[in-house]
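Contents: one structure, followed by commentary.
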Amino acid sequence: MITLSQAREQVQQQIEQACEQAGRKAETVELLAVSKTHPSAALREMHAAGQRAFGENYLQEALEKIEALKDLAIEWHFIGHVQRNKTKHLAANFAWVHGVDRFIIAERLSGQREASQAPLNICLQVNIDGQETKDGCEPNEVADLVAQISKLPNLRLRGLMVIPAPENTGAFADAKALFEHVKSLHAHPQDWDTLSMGMSGDMNAAVAAGSTMVRVGTALFGKRDYVLKA
-11 MITLSQAREQ
-1 VQQQIEQACE
9 QAGRKAETVE
19 LLAVSKTHPS
29 AALREMHAAG
39 QRAFGENYLQ
49 EALEKIEALK
59 DLAIEWHFIG
69 HVQRNKTKHL
79 AANFAWVHGV
89 DRFIIAERLS
99 GQREASQAPL
109 NICLQVNIDG
119 QETKDGCEPN
129 EVADLVAQIS
139 KLPNLRLRGL
149 MVIPAPENTG
159 AFADAKALFE
169 HVKSLHAHPQ
179 DWDTLSMGMS
189 GDMNAAVAAG
199 STMVRVGTAL
209 FGKRDYVLKA
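The sequence shown begins at -11 in the working numbering and counts up by one.
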């Protein structure tokens, strides 16, 4: 059985190989460790191996880990669906929120982010291939949302997050095209730098299409049965 450090090294090598095949530099793709359902001790071990960015889906579980690991320099990303009644905790405790798909959510996050904190980094979640069961705004709504959200204080609108249907890797190219189109419209184009797409099973295709951040859980921590947490 390999250690978490070895697993991280293998994933980093996979990212480097995917970048090489795509003619990209490896440093243009960030590894986000998806740590939902895994205990704080595993995150601590992964941090010791050099990992700094961790993604959580369930708010209560994430808040418990943030408290348990507050002695570590961790960049916390919330990558689950954002509900209105949870924005206060997200605004106070996270560096990034990936699941924003409505203006009201962004507005609440901005209003609840303390001015003394660094601006909260935001990615718009887009339902890039029209899945009925997936959250996210429609692609044709993105330009208007960007125009609105860009005006809010206390936020930095960084890019898009997509979760295409399994095997639908062609949607990555659609997301990249949308990302580039919207960048030309962004009030702060220097901030529009993040295309969050690709997971353990489709990382190579996502990198080839232009992903700048891959969200990897299973390949880092292994599989685990878990009960859904609030």
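Idealized CB from N, CA, C, for every residue including glycine.
Review point. Alpha helix (DSSP H) containing residue 170: first to last residue?
Key: 158 to 171
Check your understanding: Are the Cβ atoms of residue 113 and residue 88 separated by less than 8 Å?
Key -> yes
Point to revise | Whole-angstrom distance between residue 15 and residue 61, CA atom to CA atom | key: 20 Å
Practice item. Can you say whether residue -10 is buried or exposed, counting buried as having 16 or more other CB atoms within 10 angstroms of its CB? Key: exposed
Point to revise | Strand pairing of residue 203, partner residues [DSSP] | key: 20
Point to revise | Straight-line Cα distance separating residue 97 from residue 170 | key: 22 Å
Point to revise | Inter-residue spacing [alpha-carbon to alpha-carbon] between residue 216 and residue 21 | key: In this prediction, residue 216 scores a pLDDT of 39, lower than 50, which makes its location untrustworthy; the coordinate-derived value is nonetheless stated afterwards. Each residue's Cα considered, the two are about 19 Å apart.
Exercise for review: Tell me whether residue 73 sits in a helix, a strand or coil according to DSSP, three-state version.
Suggested key: helix
Exercise for review: Kindly provide the ranges of any alpha helix (DSSP H) runs that are 4 or more residues long and lie completely inside the stretch 64 to 131, ordered along the chain.
Suggested key: 75 to 81 and 91 to 100
Exercise for review: Check whether the Cβ of residue 157 lies closer than 8 Å to any Cβ atom in chain C.
Suggested key: Protein chain content of the structure displayed is limited to a single chain, and chain C is not contained in it.
Exercise for review: Figure out for me which residue from 106, 163 and 28 has the closest Cα to the Cα of residue 185.
Suggested key: 163
Exercise for review: Tell me whether residue 47 sits in a helix, a strand or coil according to DSSP, three-state version.
Suggested key: helix
**Study point:** residue 149 - DSSP class collapsed to helix/strand/coil
**Key:** strand
**Study point:** Closer than 7 Å: residue 37 CB and nearest the ligand SAH heavy atom
**Key:** Judged by which ligands are present, the structure shown has none, so any question about the ligand SAH falls away.
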